[in-house]
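Asks:
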Ligand SMILES: [Zn+2]
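In the working numbering, the protein residues as written are 741 to 959.
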């Protein structure tokens, strides 16, 4: 997942927050669990993921992962494969044996993981969070936490789309992927375009269309 997040500024910012006292990467654990016995059960049956602070683990719902797998296989295979993957061990073996599907699933759950990792970051920066859960300290403002998590996830998704060749050249928001001069010119003569702050990497940005597309794939 780190490779996915590293492609965007929002993702790099998020990863950069998880460091131990010596500055080494210190990300929460990630696991896949049945948070309910059946998909659609009350409680966590419809949830995609949750962050558990007591074990410092992002938990992806078994059923959500199965849904992502089934979305990528022919319709005729879904019922049989879905029944087989209702078993936790079968799901783990399937993901181990199908690296391409594993990557496809990662590509479908990355925004969800971004959201939950934002919650993990909220717990780390607020040392009283655990005491709030225990009722020993006033609780935080849940809406504000969710706003930050959804806003960050949407920003990451936007930047992810901007990394797709063809989309990146048509959007001003994708400044890391655009040629440096084009991003500052207006198509209307005499009209000034507001400059966006550009990262240091833009000084070596390519200028030909072919090299722009190469850069877009790598950003
Ligand atoms: Zn949330």
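Note that CB positions come from ideal geometry on N, CA and C, so glycine has one too.
Beta-carbon within less than 6 Å of residue 912's beta-carbon, same chain only, minus the 5 sequence neighbours each way: which residues are those?
Replies: Per-residue confidence for residue 912 stands at a pLDDT of 47, beneath the threshold of 50, marking its modelled position as unreliable; the derived number appears in the next sentence. Nothing meets the Cβ criterion.
Asks: Just to check my reading of the structure: residue 892 and residue 755 have Cβ atoms closer than 8 Å, yes? What is that Cβ distance to the nearest angstrom?
Replies: Their Cβ separation, rounded to whole angstroms, is 12 Å, which puts residue 892 and residue 755 out of contact at 8 Å.
Asks: Just checking residue 889 against ligand 1 - is the residue's beta carbon closer than 7 Å to any of the ligand's heavy atoms?
Replies: Using a cutoff of 7 Å, the CB of residue 889 counts as near ligand 1, since one of the ligand's heavy atoms is closer than that.
Asks: With DSSP collapsed to three states, give me the class of residue 750.
Replies: In this structure, DSSP gives residue 750 a helical state, which the three-state scheme calls helix.
Asks: For the beta strand (DSSP E) containing residue 826, list its first residue and its last residue.
Replies: Counting along the chain, residue 826 falls outside any beta strand (DSSP E), and DSSP gives it neither H nor E.
Asks: Would you grab the beta carbon distance between residue 848 and residue 808 for me? Rounded to a whole angstrom, and I think it's under 8 Å.
Replies: The pair is a contact, with the Cβ atoms about 4 Å apart (cut-off 8 Å).
Asks: Does the distance between the C-beta of residue 804 and the nearest non-hydrogen atom of ligand 1 fall short of 7 Å?
Replies: no
Asks: Residues in its own chain within less than 6 Å of residue 862 by CB, not counting five upstream and five downstream?
Replies: The residues are 885.
Asks: Should residue 886 be counted as a contact of ligand 1 given a C-beta to heavy atom distance under 7 Å?
Replies: yes
Asks: Going by DSSP in three states, residue 839 sits in which element: helix, strand or coil?
Replies: helix
Asks: Nearer than 7 Å: is that true of the beta carbon of residue 723 relative to any heavy atom of ligand 1?
Replies: Within the shown structure, residues of the chain are numbered from 741 to 959, placing residue 723 beyond reach of any answer.
Asks: Kindly confirm or deny that the segment 839-853 and the segment 788-801 touch, where touching means at least three C-beta pairs closer than 8 Å.
Replies: Counting C-beta pairs closer than 8 Å gives three or more between the segment 839-853 and the segment 788-801, which meets the contact rule.
Asks: Which residues in the same chain as residue 774 place their Cβ atom closer than 8 Å to its Cβ, once the five residues preceding and following it in sequence are excluded?
Replies: 801, 802, 803, 828
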